[in-house]
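Worksheet for the structure shown next.
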Amino acid sequence: MCQVTEETAPVTKVMHESAPLEADYLVIGMGTAGMSFVDTLLTLDAAATVIMVDRNSRPGGHWTTAYPFVRLHQPSCNYGVNSLPLGKVRNSKGDEKFDIHDRATGREVAQYYERVADHFRQSGRVQLIFNSEHEESDDGDHTITNLSTGEVTAVSIGRKVVKIHTNLLVPSMRDGPPFDVHPAAKVVPVNDLPTQVKSGKYGKYVVIGAGKTGLDSITHLLQNGVDQSKITWVISRDVWYFLRDGYIREGKSYWQNASRLFTPLGKASTIKDAFLAYEKDGIMGRLDPINRPFPEVFKGATIDTSELEGFRTVKNVVRMGRVTSITNNSINLEQGSIQLSATDTLFVDCMADLDGSFYGYDFDEKFQVFEPGRINLGPLCTVFNPSFSSAIIAYIETTFVEDDGMKNSLLYFPRGKHATPTPSAFFGMLFAQMKTIEALGKYPPAMKFVLNSRTNADAPLHHGGTIKFLWGMFGPHQIAKKGNAFAKKVEKGGFADVQDCFGHGRPVPEADALKAKKNKGGNNKSKKMAVSYPPKAEAKKRIGFNCCTTINAVQ
Ligand SMILES: Cc1cc2nc3c(=O)[nH]c(=O)nc-3n(C[C@H](O)[C@H](O)[C@H](O)COP(=O)(O)OP(=O)(O)OC[C@H]3O[C@@H](n4cnc5c(N)ncnc54)[C@H](O)[C@@H]3O)c2cc1C
4 MCQVTEETAP VTKVMHESAP LEADYLVIGM GTAGMSFVDT LLTLDAAATV
54 IMVDRNSRPG GHWTTAYPFV RLHQPSCNYG VNSLPLGKVR NSKGDEKFDI
104 HDRATGREVA QYYERVADHF RQSGRVQLIF NSEHEESDDG DHTITNLSTG
154 EVTAVSIGRK VVKIHTNLLV PSMRDGPPFD VHPAAKVVPV NDLPTQVKSG
204 KYGKYVVIGA GKTGLDSITH LLQNGVDQSK ITWVISRDVW YFLRDGYIRE
254 GKSYWQNASR LFTPLGKAST IKDAFLAYEK DGIMGRLDPI NRPFPEVFKG
304 ATIDTSELEG FRTVKNVVRM GRVTSITNNS INLEQGSIQL SATDTLFVDC
354 MADLDGSFYG YDFDEKFQVF EPGRINLGPL CTVFNPSFSS AIIAYIETTF
404 VEDDGMKNSL LYFPRGKHAT PTPSAFFGML FAQMKTIEAL GKYPPAMKFV
454 LNSRTNADAP LHHGGTIKFL WGMFGPHQIA KKGNAFAKKV EKGGFADVQD
504 CFGHGRPVPE ADALKAKKNK GGNNKSKKMA VSYPPKAEAK KRIGFNCCTT
554 INAVQ
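Reading the sequence shown from the start, the letters are residues 4 to 558 in this note's numbering.
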């Protein structure tokens with residue numbers, strides 16, 4: 004079996020082969036998607052065995068290489084896996100409360116995944132293989148190559164291979180920036196920014212990128228005493244930002260705030276109108292609403308209103324497209340160049356998603372999650388929530404009989420032209436989430452899973468319980484009614500710029516088309532060996548309902 008090792012440098016394959024490994028599922032990728040899938044799989048299938056493989060030396064995917072000052076965009080309460088809390092703010096029962104100030108740092112997220120991995124090991128049903136690359140031959144044979152030793156191990160898969168299909172590329176994963184740099188110019192990945200700022204060596208900073216990473220870098224510079232006049236900001240495309248304190252207003256209940264998200268959708272006749280209404284209400288923001296055209300990009304980057312105000316104090320903003328090269332006295336861009344001595348300048352590489360996708364999310368029209376012998380992870384069937392989306396996929400896998408068509412019919416997620424980082428895609432994701440939950444609602448036991456999942460941002464356990472949930476849904480805020488009105492409007496082509504239901508025009512499956520397994524956990528032999536999962540202390544029973552994700556289900 005491959006050994007866990009800290010080394011990461013790839014070596015030439017020596018084709019030294021070791022004895023084959025065997026498991027029901029081979030899961031490639033120990034990022035958020037893979038970890039959440041396996042957590043739900045182990046919880047709901049008491050016999051399933053799993054091999055997990057990752058080319059990194061730790062679990063956690065991109066969080067293991069993230070920049071030191073990164074935090075979650077959204078509260079910790081619903082990030083990660085269903086069985087283990089991440090949030091620190093709890094109620095008297097120990098349930099995590101939705102609190103926009105309780106956002107784990109990147110380091111905390113990575114440590115959290117170490118704990119999840121320990122739980123996987125304790126189950127006795129999961130082998131975790133790090134520092135190894137998975138490959139599949141044209142004949143469908145699966146091998147794992149240890150990146151340090153070159154040792155190749157074949158894997159025999161009892162049921163399915165489960166592979167992550169997002170292709171997230173953050174600056175620290177690249178070998179330098181994707182353009183020519185003069186040797187005199189100092190370009191660093193965002194990860195090095197804190198050390199470089201502390202060194203006090205630089206009189207000027209050029210931040211390249213306006214996504215979440217670029218924003219965090221500007222905030223880091225300002226918070227560490229760098230004067231605005233010393234910052235130049237290269238923005239290739241104007242972007243919308245989600246304003247967390249503008250959406251979740253202090254003093255208002257979660258449901259009151261959720262209602263504010265739906266209200267403008269009733270009046271807006273285009274997606275553009277809806278975004279402008281959000282901007283007016285302080286839910287969305289952009290750098291320059293006065294002089295710049297309506298931004299066509301929205302990637303879900305979430306910031307505080309005070310941060311946006313800080314960004315606006317940076318006046319040296321360069322909007323000439325992408326950087327094409329950096330010389331010793333200029334930055335060259337697609338639409339021009341600016342003179343700037345490289346001598347005491349630090350260039351900060353904050354460019355993620357160079358391919359223009361969002362977080363490596365790129366699925367064509369034909370992409371399916373369930374295929375014969377295979378599960379494809381990555382699609383978001385819930386709004387910007389890879390944790391809950393993967394948990395739902397594992398729920399479907401463990402609950403329903405082997406019929407890929409039926410399983411796929413339960414999932415709606417952005418594909419093709421709708422899988423782009425645009426304002427429209429945001430509403431497409433909201434619509435997809437509502438359709439997915441409506442489809443799952445055709446099988447009533449699925450609602451128990453949806454309602455009790457901690458990775459579900461709307462789960463009542465995060466917001467004061469069932470009564471408050473019902474009040475939010477059917478009380479004066481009318482979330483259920485407004486949500487349904489939005490869905491109907493989309494279906495009737497009520498938004499002039501969305502005439503194809505975001506690609507989700509097909510009806511949800513009929514209840515009698517959904518066939519659940521009679522007995523979960525097919526492999527009786529290994530059942531004897533199984534250790535209960537999750538570990539007892541974590542397996543806290545929860546009872547509750549859920550909100551706008553479940554509007555259709557509870558009607
Ligand atoms: C700076 C930043 C902040 C973010 N903040 C948030 C946030 O607050 N909330 C949120 O919901 N999302 C956030 N995201 C989005 C983020 O992409 C997701 O939350 C999530 O972490 C993605 O997980 P993943 O499993 O899809 O991918 P990854 O984290 O990229 O994990 C995939 C793993 O698969 C492994 N792998 C792939 N192919 C192979 C192979 N052939 N062999 C071996 N290993 C392989 C990789 O090594 C990697 O470890 C953020 C993204 C970035 C860049």
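All C-beta atoms, glycine included, are put in the ideal place defined by N, C-alpha and C. It should be emphasised that the depicted structure is a prediction, and the values quoted were computed from it without experimental measurement.
- Task: Tell me whether the beta-carbon of THR305 lies closer than 8 Å to the beta-carbon of ARG263.
- Result: no
- Expressed to the nearest angstrom, what Euclidean distance is found between the alpha-carbon atoms of LYS539 and LEU349? 51 Å
- Item | Proximal residues to PRO23 (C-beta, below 6 Å), its chain only, five neighbours per side dropped | Contacts found: ALA157 and SER159.
- Query: Any contact of the region 505-518 with the region 404-419, i.e. 3+ C-beta pairs under 8 Å?
  - Reply: yes
- Task: Report the rounded CA-to-CA distance for LYS530 versus THR52, giving the unit in angstroms.
- Result: A caution first: LYS530 carries a pLDDT of 47, below 50, which makes its placement in the model unreliable, though a value can still be read off. For LYS530 and THR52, the distance between alpha carbons rounds to 10 Å.
- Query: Distance, Cα to Cα, VAL173 vs ASN455?
  - Reply: 33 Å
- Task: Could you spell out where the beta strand (DSSP E) holding MET55 opens and where it closes?
- Result: For MET55, the uninterrupted beta strand (DSSP E) segment begins and ends at 53-56.
- Query: From this set, GLY249, ASP178, GLN114 and ASN522, which residue's C-alpha is nearest VAL404's C-alpha?
  - Reply: ASN522
- Provide the residue(s) that pair with GLY288 in DSSP beta bridges, ordered along the chain. BP columns for GLY288 point to TYR244.
- Using 8 Å as the threshold, is the region 51-70 in touch with the region 115-127, meaning 3 or more CB pairs across them? yes
- Query: Apart from the five residues just before and just after PRO78, which ones in its own chain have a Cβ nearer than 7 Å to its Cβ?
  - Reply: GLY90, PHE101, ASP102, ILE103, ASP105 and ARG106
- Item | Cβ pair VAL300, PRO424 closer than 8 Å | yes
- Determine the extent of the beta strand (DSSP E) in which SER328 is found, giving its start and end residues. 326-329
- Message: Please classify CYS353 as buried or exposed, where buried requires at least 16 other C-beta atoms within 10 Å of its C-beta.
- Response: buried
- Which of the three DSSP states, helix, strand or coil, is assigned to ALA261? ALA261: helix per DSSP, three-state reduction.
- Buried/exposed call for PHE297, threshold 16 Cβ in 10 Å: exposed
- ASP57 and MET38 look like a contact to me (Cβ under 8 Å); what is the Cβ gap, rounded to whole Å? No, ASP57 and MET38 are not in contact; Cβ-Cβ is about 10 Å, not under 8 Å.
- Starting from ASN335, follow its DSSP beta bridges and name the residues at the other end. DSSP, once it has assigned bridges, lists SER328 and SER340 as partnering ASN335.
- Query: How about GLY486 and PHE265: do their beta carbons lie closer than 8 Å?
  - Reply: yes
- Message: If the criterion is Cβ atoms closer than 8 Å, does the pair ILE191 and VAL351 meet it?
- Response: Residue identity differs from the one stated: residue 191 is Val in this sequence, not Ile. Yes, these two residues count as a Cβ contact at 8 Å.
- Task: With DSSP as the reference, label GLY486 as helix, strand or coil.
- Result: helix
- Just the C-alpha distance for VAL237 and SER328, rounded to the nearest angstrom, thanks. A straight-line Cα-Cα distance of about 13 Å links VAL237 and SER328.
- Query: Of the residues ARG118, SER60, TYR70 and PHE72, which one's Cα is nearest the Cα of GLY83?
  - Reply: ARG118
- Item | Nearest residue (CA-CA) to ILE274, options ILE396, GLY496 and MET476 | GLY496
- Query: Under the criterion of a Cβ to heavy atom distance below 7 Å, does PRO71 qualify as lining ligand 1?
  - Reply: no
- Query: Going along the chain, which residues of its own chain have a beta-carbon closer than 7 Å to the beta-carbon of THR401, five neighbours each way excluded?
  - Reply: In the same chain as THR401, and ignoring 5 residues on each side of it, the C-beta atoms closer than 7 Å to its own belong to LEU44, LEU47, ASP48 and LYS523, in chain order.
- Which term fits GLN502, buried or exposed, when burial requires 16 or more other beta carbons within 10 angstroms of its beta carbon? exposed
- What do you get for LYS302, buried or exposed, if any count of 16 or more other CB atoms within 10 angstroms of its CB means buried? buried
- Query: Which residue spans inside the region 161-233 form an unbroken beta strand (DSSP E) run of at least 3?
  - Reply: 189-192 and 207-211
- In the DSSP assignment, find the alpha helix (DSSP H) that holds ASN522 and state where it starts and stops. It is not in any alpha helix (DSSP H) - ASN522 carries neither H nor E in the DSSP assignment.
- Task: For HIS185, count neighbouring Cβ atoms within 10 angstroms of its own Cβ and tell me buried if that reaches 16, exposed if not.
- Result: exposed
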